[in-house]
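According to the numbering used here, the sequence shown holds residues 261 to 670 in order. Right, one structure below, let's go through it.
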Amino acid sequence: MDIQEIKGQFDESLKPLKSNLEGLAEELKKRPNSDEVKSKIDEALSSLGALRKEQDERIAQIEQKLSKSTVDAQVESIKSIGEIVTDSDSYKAFKDKTLKRSEKIEVGSFHKTAIINATGLNQPLVMPQRVPGILEPLRQRLTIRDILNVVPTQSNLIEFVRESSSTNAAAPQGKGSSPQVYENVAKAESAMAFQLAYEAVQTVAHWIPASRQVLDDSAALQAYVNGRMTYFLKLEEEKQLLNGTGTGGDLNGLITQATPYDTSLDVAGDTKIDTLRHAMLQCELANGNVTSFVFNPTDWHDIELIKTTGTASSGQYVFSNPHMIGTPTIWGRPVVISLSMSAGEFLTGDFTLAADLWDRMQSSVEISREHSDFFTKNMVAILCEERLALVVYRPEVLFSGTFPSVSPAP
Numbered sequence: 261m262d263i264q265e266i267k268g269q270f271d272e273s274l275k276p277l278k279s280n281l282e283g284l285a286e287e288l289k290k291r292p293n294s295d296e297v298k299s300k301i302d303e304a305l306s307s308l309g310a311l312r313k314e315q316d317e318r319i320a321q322i323e324q325k326l327s328k329s330t331v332d333a334q335v336e337s338i339k340s341i342g343e344i345v346t347d348s349d350s351y352k353a354f355k356d357k358t359l360k361r362s363e364k365i366e367v368g369s370f371h372k373t374a375i376i377n378a379t380g381l382n383q384p385l386v387m388p389q390r391v392p393g394i395l396e397p398l399r400q401r402l403t404i405r406d407i408l409n410v411v412p413t414q415s416n417l418i419e420f421v422r423e424s425s426s427t428n429a430a431a432p433q434g435k436g437s438s439p440q441v442y443e444n445v446a447k448a449e450s451a452m453a454f455q456l457a458y459e460a461v462q463t464v465a466h467w468i469p470a471s472r473q474v475l476d477d478s479a480a481l482q483a484y485v486n487g488r489m490t491y492f493l494k495l496e497e498e499k500q501l502l503n504g505t506g507t508g509g510d511l512n513g514l515i516t517q518a519t520p521y522d523t524s525l526d527v528a529g530d531t532k533i534d535t536l537r538h539a540m541l542q543c544e545l546a547n548g549n550v551t552s553f554v555f556n557p558t559d560w561h562d563i564e565l566i567k568t569t570g571t572a573s574s575g576q577y578v579f580s581n582p583h584m585i586g587t588p589t590i591w592g593r594p595v596v597i598s599l600s601m602s603a604g605e606f607l608t609g610d611f612t613l614a615a616d617l618w619d620r621m622q623s624s625v626e627i628s629r630e631h632s633d634f635f636t637k638n639m640v641a642i643l644c645e646e647r648l649a650l651v652v653y654r655p656e657v658l659f660s661g662t663f664p665s666v667s668p669a670p
């Protein structure tokens, strides 16, 4: 029987006394001046107090005994194996009767639970080491904007005049006349035609909802979200600069407007290095000067690994030196690596003369509660956007093509 059961039985025994007290109290109400009733109530209260005190003393004794037996049990549980044997009845009988052997003595399991670290979350013994901040996924290198002229603008439309055609008839005066006359004859007449062209400034943007509380409570999270959204915006910008279709709000991309590579320049057995040199020639024939090559890192990897072959060859790298780290260049021009460029393709040309990137509004991040029912929900909209236009003035000095499928070594 536990202490609670004992207390319950004692309270049950006090119920008659409590009932009598209640009856006497009612009687007292009827006879407020009765000294006899008051005396009986005082006696009952005194008896009830004595019984309550006796109950508390007995319960205290019981708790002490239970506590002692618990401690004794714990002490018993930590006895050594020798103490368990010598204290057992079997050993004592064996000793007193001077028998040759004792009965079987049970010592139980003598192995204690090992203290080891927990695994996973919420370890009680070891506090975790917290890495500060938020680990951001690795960012793609953004390189295409760097090869273009960037010009600020205050307009939403970039307009320019381009010469669409021309006839050059320049010649010595009187050339071709018969008989030959060098004076008082008409000079040759040339011709030019012009075209008004334009590119609209486009808006590239995105947004994300967040609770006002989480941004207020974590300044680091707000800074992380702002930086991450700006990166997403710039990643889309790089894709648009290369491959924008020029429709549906897209920028008119460099590859979209570039002149196709002239495959008639190819020679059997060409490597990727040869193809790039052919493209340089094509640009030079168009009166341009190649300023950069743009391709996927996979193609640059293939170019750097080209080696010499043949019986007299030592298998040396044709193009690269694995003992040195240098700025990637090929044919004396910078190599621009971009994952936004499809593997197996290249873009080259005179980027300085071919195009400008016009910035109407540089990338910015704004936070507002003025969206739908965000004000009443304590939500905010985080908006990241920019406005820009890519204007290609001279597509004839931009060239886009495909590398040969196999690049055999020389």
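Don't be surprised by glycine CBs; every beta carbon is placed ideally from N, CA and C. Computed from a predicted model, the values in this text were never measured in an experiment.
According to DSSP, residues forming a beta bridge with residue i
| i | result |
| --- | --- |
| GLN462 | LEU648 |
| LYS637 | Partner(s): none; LYS637 has no beta bridge. |
| MET621 | ARG647 |
| TYR577 | LYS567 |
| MET452 | SER426 |
| SER348 | Answer is none; SER348 lacks a bridge partner. |
| VAL550 | Note: VAL550 sits in no beta bridge, so no partner. |
| ALA457 | PHE420 |
| PHE606 | PHE555 and GLY661 |
| SER628 | ALA641 |
| ASN409 | ASP616 |
| ASN512 | THR505 |
Simplified DSSP state of residue i, which is helix, strand or coil
| i | result |
| --- | --- |
| PRO591 | Here the sequence assigns Trp to residue 591, which means Pro is not the residue at that position. TRP591 falls in the coil class under three-state DSSP. |
| VAL421 | strand |
| PRO439 | coil |
| GLY487 | helix |
| LEU658 | strand |
| ILE468 | strand |
| THR523 | helix |
| ASN382 | coil |
| THR507 | coil |
| ILE585 | coil |
| VAL596 | strand |
| ILE376 | coil |
| ASP530 | coil |
| VAL391 | coil |
| VAL474 | helix |
| ARG537 | helix |
| LEU402 | coil |
| GLU314 | helix |
Proximal residues to residue i (C-beta, below 7 Å), its chain only, five neighbours per side dropped
| i | result |
| --- | --- |
| ILE515 | LEU502, ASN503, LEU607 and SER660 |
| VAL410 | LEU617 and ASP619 |
| GLN433 | TYR442, VAL445 and LYS447 |
| ASN638 | SER471, ARG472 and GLN473 |
| SER425 | ALA453 |
| HIS538 | LEU525 and ASP526 |
Rounded C-alpha distance that separates residue i from residue j
| i | j | result |
| --- | --- | --- |
| SER600 | GLN473 | 37 Å |
| SER628 | GLY506 | 31 Å |
| LEU658 | TYR521 | 9 Å |
| ALA518 | ALA615 | 11 Å |
| VAL335 | VAL391 | Here the model assigns VAL335 a pLDDT of 49, short of 50, so the residue's position is not dependable, and the following value carries that caveat. Distance between the alpha carbons of VAL335 and VAL391: 45 Å. |
| SER602 | VAL527 | 23 Å |
| VAL331 | ILE344 | Caution is warranted here: a pLDDT of 48 is assigned to VAL331, below 50, making its placement in the model unreliable, and the coordinate value is therefore given only provisionally. Their Cα atoms are separated by approximately 17 Å. |
| PHE579 | GLU564 | 6 Å |
| THR427 | MET540 | 27 Å |
| GLN400 | ILE590 | 23 Å |
| LYS494 | LEU402 | 8 Å |
| ASN486 | ILE642 | 8 Å |
| SER632 | LYS532 | 54 Å |
| ASP477 | ASP562 | 50 Å |
| PRO594 | ASN382 | 53 Å |
| ASP510 | LYS435 | 52 Å |
| PRO670 | ASP534 | Caution applies to PRO670, whose pLDDT of 46 falls short of 50 and renders its modelled position unreliable; the value that the coordinates give is listed next. Whole-angstrom Cα-Cα distance: 11 Å. |
| ALA310 | SER279 | 17 Å |
| GLU303 | GLN321 | 27 Å |
| ALA451 | SER437 | 21 Å |
| SER623 | ILE468 | 16 Å |
| TYR577 | MET584 | 12 Å |
Same chain, Cβ closer than 8 Å to residue i, five either side skipped, listed in chain order
| i | result |
| --- | --- |
| GLY575 | LYS567, THR568 and THR569 |
Same chain, Cβ closer than 6 Å to residue i, five either side skipped, listed in chain order
| i | result |
| --- | --- |
| THR551 | ASP610, PHE611 and THR612 |
| VAL461 | ASN416, ARG620, ARG647 and ALA649 |
| ARG422 | GLN455 and ALA457 |
| TYR484 | ILE394 |
| LEU475 | GLN482 |
| GLU459 | ILE418, ALA649 and VAL651 |
Residue-chain proximity (residue i, chain C), Cβ-Cβ < 8 Å
| i | result |
| --- | --- |
| ASP510 | This model lacks chain C altogether; it includes just one protein chain. |
Distance between beta carbons of residue j and residue i, contact taken as under 8 Å
| i | j | result |
| --- | --- | --- |
| PHE420 | TYR653 | 7 Å |
| VAL640 | ALA470 | 6 Å |
| GLU656 | ALA480 | Not really, about 50 Å apart at Cβ, beyond 8 Å. |
| LEU525 | GLN542 | 7 Å |
| VAL625 | MET489 | 6 Å |
| GLU645 | ALA465 | 3 Å |
| ASN530 | PRO664 | A quick correction: the sequence has Asp, not Asn, at residue 530. Contact flag correct, Cβ pair sits at about 6 Å. |
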